[in-house]
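Structure record follows, encoded as structure tokens.
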Amino acid sequence: MRILVVEDEKKVASFIKKGLEEDYYSVDVAMDGKEGTRLALSEEYDLIILDIMLPFKDGISILKDIRAEKISTPVLMLTARDNVADKVLGLDSGADDYLAKPFAFDELLARVRALLRRNSIEKNTVLFAGELQLDTQTHKAFRNGDEIQLTVKEYSILEFLLRNKNRVISRTVLTEHVYDYHFDSDTNVIDVYINKLRNKIDKGFDNPILQTVRGVGYIIKDN
Ligand code: CA
């Protein structure tokens, strides 16, 4: 899952990015309001974490612009503690939740997970396809009860495909949701990861769960 963090305080931004990446998310950071708006409107995100006080353009204006473009990506606002007016204005402008600074990282993570679940067709924390199971809280995968060891990227790909089960996902869309902005999407790296993932989840089984749709992309089907 890919997250945009719009935050001008370097320390806070890198703390959030590092923590989220450790929890298997791909993260882009924008350090000011203009860059935040540009990324939010041009890239595909599963969640946006938005500070209110920002250089060039404040978080509320960014939020209004995002919603005016009919982008329904969940937005978590970061507000100053006890600033009720900011919280109310944020929620009224289309934010899905807010968190007062300073916050405990665990609370940020819990809110991120809750917002992603709310937006997902699959509300459960354990995702399924046939005999395959993926626990999105422990990041463990199982097929027929046997644990499969996944790398961070393999996990991200599998999670995204499972959340979009029975839908063909193009390589472009997959790349957009699994990598951050600095990833060179012209490469065939995604295919390399898919092959590794397929070896881990399908090898030795007659019914492949991860399938290639030639010329289009990939699909995970319930079979
Ligand atoms: Ca700020």
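When the letters of the sequence shown are read in order and numbered with our numbering, they come out as residues 4 to 226. In this text, a Cβ means the ideal position worked out from N, Cα and C, and glycines have one as well.
Residue i versus residue j: straight-line alpha-carbon distance, rounded
i	j	result
Ala-33	Ile-222	32 angstroms
Val-91	Ser-173	39 angstroms
Ala-107	Thr-154	27 angstroms
Lys-203	Arg-217	21 angstroms
Ala-88	Met-80	13 angstroms
Gly-39	Gln-140	29 angstroms
Phe-59	Ile-151	47 angstroms
Thr-178	Ile-193	7 angstroms
Val-115	Lys-224	27 angstroms
Ala-98	Lys-206	44 angstroms
Leu-102	Leu-130	27 angstroms
Ser-29	Arg-5	5 angstroms
Asp-26	Asp-68	29 angstroms
Arg-41	Gly-148	44 angstroms
Glu-157	Asp-183	15 angstroms
Val-181	Gly-133	23 angstroms
Leu-135	Met-56	44 angstroms
Asn-210	Asn-191	25 angstroms
Leu-161	Asp-100	27 angstroms
CB contact check: residue i to chain C, cutoff 7 angstroms
i	result
Leu-111	Looking at the structure shown, chain C is missing, and only one protein chain is on hand.
Strand pairing of residue i, partner residues [DSSP]
i	result
Ile-172	Tyr-221
Phe-131	Gln-136
Asp-100	Leu-79
Phe-145	Gln-136 and Glu-150
Outcome for residue i when other beta-carbon atoms lying within 10 angstroms are tallied against a minimum of 16
i	result
Lys-20	buried
Arg-166	buried
Ser-17	exposed
Glu-47	exposed
Leu-94	exposed
Val-8	buried
Phe-208	exposed
Thr-175	exposed
Val-219	exposed
Pro-77	buried
Ser-159	buried
Thr-128	exposed
Ala-113	exposed
Tyr-54	The residue you asked about is not Tyr; residue 54 is Asp in the sequence shown. The residue is buried, with at least 16 neighbouring Cβ atoms inside 10 Å.
Asp-85	exposed
beta-carbon residue i near ligand 1 non-hydrogen atom, thresh 6 angstroms
i	result
Met-34	no
Met-56	yes
Asp-11	yes
Bounding residues of the beta strand (DSSP E) (the contiguous stretch that carries residue i)
i	result
Thr-215	213-216
Asp-31	29-33
Range of the contiguous alpha helix (DSSP H) that encloses residue i
i	result
Arg-5	Run containing Arg-5: none in the alpha helix (DSSP H); it sits in the beta strand (DSSP E), 5-9.
Leu-50	Element bounds for Leu-50: not the alpha helix (DSSP H) but the beta strand (DSSP E), 50-54.
Lys-199	192-205
Lys-20	13-25
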